[in-house]
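Student:
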Amino acid sequence: MKKLLCLVLLVCTCTIATAQSWTADNGNGTFTNPLFYDEFSDPDILRVGDDYYLAGTTMHTVPGLVILHSRDLVNWENISYCFDRFDFDDDAFALRNHKEIYGQGVWAPCIRYANGQFYVYTNINGKGLQCYTAKDIHGPWKHQNMRGNIYDLSVLFDDDGKVYAIHGYGEVKCTELEPDMSGPKEGTTRTIIPEGNGVGEGHHMYKIDGMYYLISTDYKPNGRTLCSRSKSIWGPYETVVITADETFGYHAASLTQVPRDVKYRIGEDGTRFGIPPVDKNATACTNIHQGGIVQAQDGSWWALLMMDFHSIGRTTTLAPITWKDGWPMLGLEGNLGRAPRTWFKPNINGVEGETPHAPYERSDNFDYKNYVRPGMTPARGAATALKPVWQWNHNPEEKMWSLKNGRLRLQSMPAEQLMWARNSLTQRAIGPQSVVTVELFTNGMKPGDVAGLGNINVPCSWVGIVKPAEKGTQPVLRCFEQCTNDTVDVPLTAPLAGGKVWLRMIGDFDHDSAQYAYSLDGVNFKTVGRKMPLSYQLISFQGSRHALFAFNTTGKNGGYAEFDNFNVEEPQANRAGNIPYGKTFRIVNLGTGHPAVATTHGPLYDTHKGDNSVQTQFRIEDRGQGKVALQCADGRYIYVAGYGLPGDVRFTNDPAKAEVFLWQDYLNHEFMLMSMRTHTYIGKSPTTGSPYSMDYRGADPARKNGSVLRWEEVK
Numbered sequence: 218m219k220k221l222l223c224l225v226l227l228v229c230t231c232t233i234a235t236a237q238s239w240t241a242d243n244g245n246g247t248f249t250n251p252l253f254y255d256e257f258s259d260p261d262i263l264r265v266g267d268d269y270y271l272a273g274t275t276m277h278t279v280p281g282l283v284i285l286h287s288r289d290l291v292n293w294e295n296i297s298y299c300f301d302r303f304d305f306d307d308d309a310f311a312l313r314n315h316k317e318i319y320g321q322g323v324w325a326p327c328i329r330y331a332n333g334q335f336y337v338y339t340n341i342n343g344k345g346l347q348c349y350t351a352k353d354i355h356g357p358w359k360h361q362n363m364r365g366n367i368y369d370l371s372v373l374f375d376d377d378g379k380v381y382a383i384h385g386y387g388e389v390k391c392t393e394l395e396p397d398m399s400g401p402k403e404g405t406t407r408t409i410i411p412e413g414n415g416v417g418e419g420h421h422m423y424k425i426d427g428m429y430y431l432i433s434t435d436y437k438p439n440g441r442t443l444c445s446r447s448k449s450i451w452g453p454y455e456t457v458v459i460t461a462d463e464t465f466g467y468h469a470a471s472l473t474q475v476p477r478d479v480k481y482r483i484g485e486d487g488t489r490f491g492i493p494p495v496d497k498n499a500t501a502c503t504n505i506h507q508g509g510i511v512q513a514q515d516g517s518w519w520a521l522l523m524m525d526f527h528s529i530g531r532t533t534t535l536a537p538i539t540w541k542d543g544w545p546m547l548g549l550e551g552n553l554g555r556a557p558r559t560w561f562k563p564n565i566n567g568v569e570g571e572t573p574h575a576p577y578e579r580s581d582n583f584d585y586k587n588y589v590r591p592g593m594t595p596a597r598g599a600a601t602a603l604k605p606v607w608q609w610n611h612n613p614e615e616k617m618w619s620l621k622n623g624r625l626r627l628q629s630m631p632a633e634q635l636m637w638a639r640n641s642l643t644q645r646a647i648g649p650q651s652v653v654t655v656e657l658f659t660n661g662m663k664p665g666d667v668a669g670l671g672n673i674n675v676p677c678s679w680v681g682i683v684k685p686a687e688k689g690t691q692p693v694l695r696c697f698e699q700c701t702n703d704t705v706d707v708p709l710t711a712p713l714a715g716g717k718v719w720l721r722m723i724g725d726f727d728h729d730s731a732q733y734a735y736s737l738d739g740v741n742f743k744t745v746g747r748k749m750p751l752s753y754q755l756i757s758f759q760g761s762r763h764a765l766f767a768f769n770t771t772g773k774n775g776g777y778a779e780f781d782n783f784n785v786e787e788p789q790a791n792r793a794g795n796i797p798y799g800k801t802f803r804i805v806n807l808g809t810g811h812p813a814v815a816t817t818h819g820p821l822y823d824t825h826k827g828d829n830s831v832q833t834q835f836r837i838e839d840r841g842q843g844k845v846a847l848q849c850a851d852g853r854y855i856y857v858a859g860y861g862l863p864g865d866v867r868f869t870n871d872p873a874k875a876e877v878f879l880w881q882d883y884l885n886h887e888f889m890l891m892s893m894r895t896h897t898y899i900g901k902s903p904t905t906g907s908p909y910s911m912d913y914r915g916a917d918p919a920r921k922n923g924s925v926l927r928w929e930e931v932k
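Every number in my numbering is 217 more than the matching position in the sequence shown, counting from 1.
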């Protein structure tokens with residue numbers, strides 16, 4: 218359905234203050250998950266000396282096979298891609314002739330260091346196992362097509378010089394590789410873990426103190442991370458679950474659904490899609506899962522696992538490991554299998570840690586000269602002349618884009634819809650909230666051209682300028698949403714001043730929604746179209762991605778569009794005020810909906826919503842590094858007696874006896890309190906009527922089990 222009437226909903230007059238980009242580092246010796254609030258799936262971790270390297274999935278986008286670097290496991294920087302474009306000339310890798318590789322390409326890489334060089338392995342659909350090698354992590358990288366049906370693998374360089382690939386789902390197999398990486402060694406594939414042991418995929422193999430450890434992930438019936446161990450690479454293996462149900466209080470995202478009897482093609486009528494409501498109480502596969510483990514310089518062990526963060530997609534978390542009976546259990550003594558959202562950074566012995574910073578510079582004014590990132594051999598010297606945060610949607614046509622006078626120029630090529638538009642330049646959306654604004658210059662557009670700011674997802678959407686093919690027809694500003702197959706047109710009653718329009722996407726990714734807006738003067742913005750639902754989906758296996766695009770609907774090349782001043786604002790990135798130091802506040806339990814009260818009888822309990830007595834007012838006492846003691850406004854401190862059962866959470870006048878908590882920031886004034894003694898959380902059952910206890914293991918996906926709290930300032 219097409220709405221020819223202007224549907225402008227709200228006038229945006231507020232200005233969102235520019236904030237830093239999300240970084241997990243809290244600046245006080247602690248970090249808060251996720252490490253990145255944008256997509257970084259299938260992480261594999263490697264330490265070489267004092268340096269950590271993280272490789273991740275890039276699917277169909279290029280440059281491909283991203284590698285990040287860190288000195289402290291918390292602050293990361295993009296330092297390399299293994300290739301600037303797929304070196305397969307198939308139409309599908311370049312979005313030619315209605316062929317594509319959405320949901321394919323590079324996924325689940327494995328990064329290793331041996332024989333004085335780096336190895337990165339990955340599968341490319343239809344092409345087999347690929348290996349990229351480099352003496353320097355920055356490159357140049359050499360590509361070797363190993364072929365063979367080995368995917369989602371881990372590679373182990375054993376002490377005897379043999380190299381093994383571990384692969385398969387359920388039935389886990391081991392295959393020896395040729396030492397020159399020319400391919401799998403024929404006749405060496407053997408099953409090392411038979412079906413029926415609950416082992417899944419996403420394997421990460423390690424040899425630690427002579428024992429073989431295999432970390433893997435299972436999704437049936439929901440997500441869990443397992444460890445299998447053996448004294449021999451060939452088994453037999455015993456297997457235990459090392460983490461389950463840790464969602465940090467995030468429920469599963471809505472998954473785009475396609476009817477089973479429909480053969481889906483990218484770009485079809487979106488009304489075939491469904492974005493159903495989710496069960497907010499279910500863990501599903503949202504929990505932390507699939508990733509690698511690493512030992513830090515101080516001897517501590519850490520797991521870097523991915524987690525589904527709503528419509529952002531899959532991103533990476535950092536969790537401490539506690540070895541228990543020879544098993545690398547995630548979490549801390551007293552609460553194994555779960556992980557703190559906020560914890561202390563590794564103690565880097567004698568190595569200077571990083572200052573807090575984000576892995577990417579997301580905003581871009583395109584005012585830099587062409588440059589080639591280390592390790593790249595770009596086609597025509599231009600393929601990598603952009604900040605590392607940018608990736609092309611499939612292989613770009615190099616002759617059809619350029620940097621001109623401080624602007625990005627995209628020349629339009631034939632396409633009927635955004636998902637088929639070649640040379641779309643993308644970057645991952647950043648959460649939990651972000652506002653992206655870009656300037657679009659339209660003077661170079663020709664009849665049939667469409668250009669603007671979009672979200673490449675399934676379903677997709679965009680806002681931009683359409684120059685109709687019909688003679689004498691004026692350009693319109695259009696908002697398109699594939700999910701409803703709907704367009705909202707805003708007639709332009711006068712030519713754009715300087716041919717320029719400002720386009721904006723306002724994303725609330727924790728709540729899976731987005732809204733487009735536009736401005737004719739760069740100051741006053743109006744929203745257009747509806748507040749759209751966002752989803753994660755298993756069609757392209759990616760979350761929301763911003764796209765700058767230009768295409769022509771007449772079946773031929775058109776003119777060009779230019780973009781400038783791409784700006785990303787993150788209103789929740791600066792978390793300095795999230796812990797209410799110096800404030801008096803009430804504590805409301807999200808599970809019960811009632812405020813906590815320091816009873817004169819003894820236990821911490823809850824009370825009716827209208828109770829504003831001094832016993833419902835609290836302050837925190839800073840104990841350093843995010844550690845706090847909780848004090849009632851009447852002067853008494855919370856302490857915990859016994860084993861932390863209901864009624865053990867009481868009050869004392871002695872500050873030395875106060876329980877010391879590590880504040881767990883859940884954003885938006887929501888938090889948890891983790892005991893530094895027991896590593897369990899304070900909470901109150903929403904159903905039993907019992908007082909508060911200290912025996913909660915963590916949050917449930919809906920944050921309603923009684924362990925997640927919200928603070929409200931008392932003026």
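The C-beta atom is built at its ideal place from N, Cα and C for all residues, glycine as well.
What is the DSSP secondary structure of Glu578, reduced to helix, strand or coil?
Tutor: Correct three-state label for Glu578: coil.
Student: Am I right that Leu751 and Ser399 are in contact with their C-beta atoms under 8 Å? What's the rounded C-beta distance?
Tutor: Rounded, the Cβ-Cβ distance is 44 Å, inconsistent with contact.
Student: The beta strand (DSSP E) spanning Lys390 covers which residue range?
Tutor: Where Lys390 is concerned, the enclosing beta strand (DSSP E) stretches over Val389 to Leu394.
Student: Smallest Cα separation from Asn243: which of Ile565, Ala575, Glu294 and Gly419?
Tutor: The residue with the shortest Cα to Cα distance from Asn243 is Ala575.
Student: Report the residue from Thr809, Phe766, Val745 and Ala850 whose alpha carbon sits nearest the alpha carbon of Thr905.
Tutor: The option with the nearest alpha carbon to Thr905 is Thr809.
Student: Which class does Gln237 belong to by DSSP, given the choice of helix, strand or coil?
Tutor: In the structure shown, Gln237 sits in coil (DSSP, three-state: anything other than H, G, I, E or B).
Student: Tyr330 bridges to which residues according to DSSP?
Tutor: In DSSP, Tyr330 forms a bridge with Phe335.
Student: For His763, does the count of other Cβ atoms within 10 angstroms reach 16, so buried, or fall short, so exposed?
Tutor: His763 is buried by the Cβ-count criterion.
Student: As a quick exercise: from Ile796, Ala813 and Pro280, pick the residue whose alpha carbon is nearest that of Ile804.
Tutor: Ranking the options by Cα distance to Ile804, first place goes to Ala813.
Student: Which ranges would you report for the alpha helix (DSSP H) in the region 642-715 if only whole runs of at least 4 residues count?
Tutor: As far as the region 642-715 is concerned, it has no whole alpha helix (DSSP H) run of at least 4 residues.
Student: Which residue spans inside the region 781-813 form an unbroken beta strand (DSSP E) run of at least 3?
Tutor: Within the region 781-813, the complete beta strand (DSSP E) runs of at least 3 residues are 802-806.
Student: Check whether the region 492-510 touches the region 430-446, taking contact to mean three or more Cβ pairs, one atom from each stretch, closer than 8 Å.
Tutor: Yes, the region 492-510 touches the region 430-446.
Student: DSSP on Glu615, reduced to helix/strand/coil?
Tutor: Note: Glu615 maps to helix in three-state DSSP.
Student: Would you report the Cα separation of Asp462 and Gly440, rounded to the nearest angstrom?
Tutor: Cα-Cα distance, rounded: 8 Å.
Student: Nearest by alpha-carbon distance to Ala731: which of Ser580, Arg313 and Met749 is it?
Tutor: Closest option to Ala731, Cα to Cα, is Met749.
Student: For the candidate residues Ser892, Tyr798, Val475 and Asp882, whose alpha-carbon lies nearest to that of Tyr860?
Tutor: Out of Ser892, Tyr798, Val475 and Asp882, Ser892 has the C-alpha closest to the C-alpha of Tyr860.
Student: Take Lys424 as the anchor and find which of Pro692, Asp851 and Gly543 has the nearest alpha-carbon.
Tutor: Residue Gly543 is the option with its Cα nearest to Lys424.
Student: Looking at Thr643 and Thr249, is the spacing between their C-beta atoms short of 8 Å?
Tutor: Their beta carbons are not under 8 Å apart, which means Thr249 does not touch Thr643 by this criterion.
Student: Whole angstroms are fine: how far does the CA of Arg579 sit from the CA of Asn784?
Tutor: Asn784 and Arg579: Cα-Cα distance of roughly 8 Å.
Student: Leaving out five residues before and five after Leu373 in sequence, what residues of the same chain have Cβ atoms less than 6 Å from its Cβ?
Tutor: The residues are Tyr381 and Met422.
Student: Which residue comes first and which comes last in the beta strand (DSSP E) that contains Asp369?
Tutor: Segment: none, Asp369 is in no beta strand (DSSP E) and carries neither H nor E.
Student: Once the 5 residues before and after Leu720 are set aside, which same chain residues still bring their CB inside 6 Å of it?
Tutor: Here the set comprises Val655, Leu657, Gly669, Leu670, Val680 and Tyr735.
Student: May I ask which residues mark the beginning and end of the beta strand (DSSP E) holding Ile723?
Tutor: Looking at the DSSP string, the run of the beta strand (DSSP E) that includes Ile723 is Lys717 to Asp725.
Student: What is the DSSP secondary structure of Phe303, counted as helix, strand or coil?
Tutor: Correct three-state label for Phe303: coil.
Student: Which of helix, strand or coil does DSSP assign to Trp358?
Tutor: It is coil, neither helix nor strand.
Student: Report the three-state DSSP secondary structure of Leu635 (helix, strand or coil).
Tutor: Three-state result, Leu635: helix.
Student: Just reading off the beta strand (DSSP E) that Phe583 is part of, what are its end residues?
Tutor: Segment: none, Phe583 is in no beta strand (DSSP E) and carries neither H nor E.
Student: Determine, using beta carbons only, whether Asp304 and His360 come nearer to each other than 8 Å.
Tutor: Yes, the pair counts as a contact, with Cβ atoms nearer than the cut-off.
Student: Do you know offhand how far Arg489's Cα is from Gly864's?
Tutor: Roughly 54 Å separates the two Cα atoms.
Student: Please look up how many angstroms separate the CB atoms of Pro918 and Thr240, rounded, as I've assumed it's under 8 Å.
Tutor: At roughly 25 Å, the Cβ-Cβ gap does not stay under 8 Å, so Pro918 and Thr240 are not in contact.
Student: So Trp293 and Leu282 are supposed to be a Cβ contact under 8 Å. How far apart are they, rounded?
Tutor: Wrong, their Cβ atoms sit about 16 Å apart, outside the cutoff.
Student: Any heavy atom of the ligand FAD closer than 7 Å to the Cβ of Val814?
Tutor: With respect to the ligand FAD, the structure offers nothing, as it holds no ligand at all.
Student: Tell me the residue span of the beta strand (DSSP E) that contains Lys541.
Tutor: Residues Arg531 to Lys541.
Student: According to DSSP, simplified to helix, strand and coil, what is His763?
Tutor: DSSP places His763 in strand when its eight states are reduced to three.
Student: Could you give the distance in angstroms between the alpha-carbon of Arg407 and the alpha-carbon of Leu472?
Tutor: Each residue's Cα considered, the two are about 36 Å apart.
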